[in-house]
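For reference, the structure is listed below as structure tokens.
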Amino acid sequence: MLQLQKVHSTCTSFRTCSQLFVRINLLACLSVFFSSLLYAQSFDLSVNNKGLSFGNSKRFSGLRMNLSDINVEKINGVNITLWRAHNNNDATVNGVSLGLICPGAGYINGIQVGGLGVRAKHEMKGISLGLLGVTSGKNLTGIAIGGLGVNAGENITGITVGLLGAGAGTNIKGVAIGGLGAGAGCDMKGFSMGLLGAGAKGNMTGFTIGGIGAGCGCTLTGLTIGGIGAGARFIKGVTIAMGRVNAAEAGSMTGFSASLYNEIKGRQQGLVIGIYNMVYELNGFQIGLINYVRDNPRARKILPLINWNFS
Numbered sequence: 001m002l003q004l005q006k007v008h009s010t011c012t013s014f015r016t017c018s019q020l021f022v023r024i025n026l027l028a029c030l031s032v033f034f035s036s037l038l039y040a041q042s043f044d045l046s047v048n049n050k051g052l053s054f055g056n057s058k059r060f061s062g063l064r065m066n067l068s069d070i071n072v073e074k075i076n077g078v079n080i081t082l083w084r085a086h087n088n089n090d091a092t093v094n095g096v097s098l099g100l101i102c103p104g105a106g107y108i109n110g111i112q113v114g115g116l117g118v119r120a121k122h123e124m125k126g127i128s129l130g131l132l133g134v135t136s137g138k139n140l141t142g143i144a145i146g147g148l149g150v151n152a153g154e155n156i157t158g159i160t161v162g163l164l165g166a167g168a169g170t171n172i173k174g175v176a177i178g179g180l181g182a183g184a185g186c187d188m189k190g191f192s193m194g195l196l197g198a199g200a201k202g203n204m205t206g207f208t209i210g211g212i213g214a215g216c217g218c219t220l221t222g223l224t225i226g227g228i229g230a231g232a233r234f235i236k237g238v239t240i241a242m243g244r245v246n247a248a249e250a251g252s253m254t255g256f257s258a259s260l261y262n263e264i265k266g267r268q269q270g271l272v273i274g275i276y277n278m279v280y281e282l283n284g285f286q287i288g289l290i291n292y293v294r295d296n297p298r299a300r301k302i303l304p305l306i307n308w309n310f311s
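The opening residue of the sequence shown carries number 1 in the numbering used here; numbering runs sequentially from there.
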């Protein structure tokens, strides 16, 4: 009986030691794993950099999970990060990028979703969703939706929606919707809408709606609706505003314009309807309470109801 107790005691001690040994090994593995994450290395289950990666692998294809991308070169596949990227301006990420805070790289292609935002230093292509915003240092192509705004340093092409605003430093082509405003530093083509306004420094072509105003610095072409006003130097198409439609000095209006006050400081070709209509040179009709044509004969410079000239 005594010998059996000794054997049982020995087995119990051995089992305890074995369990302790397993736990130590597990802790060691976990420490190596998390150390690799903290010190910008990676723990990979892969063949030729293809497979499963935990940590800051520089070049990888497959499923990759990391705390924060740092000095990454190229990732293909699904990239999941918990924190914003650092020194990642030359990285290329292709596939699906998911970030708790803000996934970022130099070039991002595919589907990008950020808890706060999505950022590309140079180019972004595909579908991009950011709770606060989506931004690209140069070009943005595809569908971009930002909780507050969407912005590109140069060009935007595709569908852009920003709760506060949508804007590009150079050109916008496609659909641009800004909760407050939509604008481009040069030209805008397509459908543009802003609760306060929509505008471009250069030309605007397409369908434009501005809650308060819509306009551009050069040529406005297409259908334009401005809550209070709409204007450009050259206006072509159909332009409607509650307050004023304005063609700037030495400009022109070709088509149809309707507003309380139509002010064409140049040549009008077509029809305007308003309360007070003013134009320098007319080739068409004015319909309104007071109609003034500067270059008309003296007897027809100012007429009620209707004025005309064909020259």
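Yeah, the Cβ is synthetic: ideal placement off N, Cα and C, and Gly gets one too. Keep in mind that this is a model prediction, so the values were computed, not measured.
Grab me the residues of residue i's own chain with a C-beta within less than 7 Å of its C-beta, minus the 5 sequence neighbours each way, in chain order.
i: N87; result: I70, N71
i: L303; result: N291
i: C218; result: G202, N203, A232, R233, F234
i: F285; result: L271, I306, W308
i: N49; result: R59, F60, S61
Closest by CA to residue i, which one among the options?
i: L63; options: V78, E73, G162; result: V78
i: G149; options: S192, T160, Y280; result: T160
i: F256; options: L98, K138, G222, L140; result: G222
i: A247; options: I145, C216, A184, L131; result: C216
i: N203; options: A184, G106, L196, G211; result: A184
i: L271; options: I111, I108, I235; result: I235
i: I111; options: N262, I240, F285, N94; result: N94
i: N296; options: L305, F310, L289; result: F310
i: Y261; options: G243, Q269, N66; result: G243
i: A250; options: M188, S128, Q268, H122; result: Q268
i: L129; options: E123, P103, G197; result: P103
i: G266; options: G174, V293, K125; result: V293
Would the beta-carbon of residue i fall within 7 Å of that of residue j?
i: T205; j: A214; result: no
i: S259; j: G274; result: yes
i: G237; j: G226; result: no
i: G146; j: G167; result: no
i: G106; j: N89; result: yes
i: A120; j: I101; result: no
i: T254; j: T239; result: no
i: K125; j: T135; result: no
i: I177; j: M193; result: yes
Our contact map puts residue i next to residue j with C-beta atoms below 8 Å; I'd like the distance itself, whole angstroms only.
i: I264; j: M278; result: 7 Å
i: D187; j: A200; result: 6 Å
i: S97; j: N76; result: At roughly 11 Å, the Cβ-Cβ gap does not stay under 8 Å, so S97 and N76 are not in contact.
Kindly list the residues whose CB is nearer than 6 Å to the CB of residue i, restricted to its own chain and excluding five residues on each side of it in sequence; keep chain order.
i: K74; result: R59, T92
i: L164; result: L148, G149, G179, L180
i: G99; result: T81, G114
i: Q41; result: G55
i: G312; result: In the structure as shown, the chain begins at 1 and stops at 311. Residue 312 is therefore absent and cannot be evaluated.
i: I172; result: I156, A184, M188
i: S53; result: S42, D44, F60, R64
i: A241; result: G226, G229, A230, S259
Using the Cα positions of residue i and residue j, report the straight-line distance between them to the nearest angstrom.
i: L132; j: I80; result: 19 Å
i: S68; j: F43; result: 14 Å
i: L82; j: N155; result: 29 Å
i: N139; j: N307; result: 49 Å
i: G51; j: A144; result: 29 Å
i: T313; j: G158; result: Within the shown structure, residues of the chain are numbered from 1 to 311, placing residue 313 beyond reach of any answer.
i: L305; j: Y280; result: 18 Å
i: G137; j: F191; result: 23 Å
i: A85; j: V245; result: 48 Å
i: N283; j: I127; result: 48 Å
i: G174; j: I228; result: 25 Å
i: N151; j: H122; result: 12 Å
i: A230; j: K301; result: 25 Å
i: N66; j: S57; result: 8 Å
i: G153; j: A182; result: 14 Å
i: Y276; j: L195; result: 27 Å
i: L289; j: L220; result: 26 Å
Which residues in the same chain have their Cβ closer than 8 Å to the Cβ of residue i, if we skip the five residues on either side of it in sequence?
i: R298; result: none
i: S316; result: Shown here, the chain extends from 1 to 311; a query on residue 316 therefore has no answer.
i: S31; result: Caution is warranted here: a pLDDT of 44 is assigned to S31, below 50, making its placement in the model unreliable, and the coordinate value is therefore given only provisionally. Cβ neighbours of S31 beyond the five flanking positions: none.
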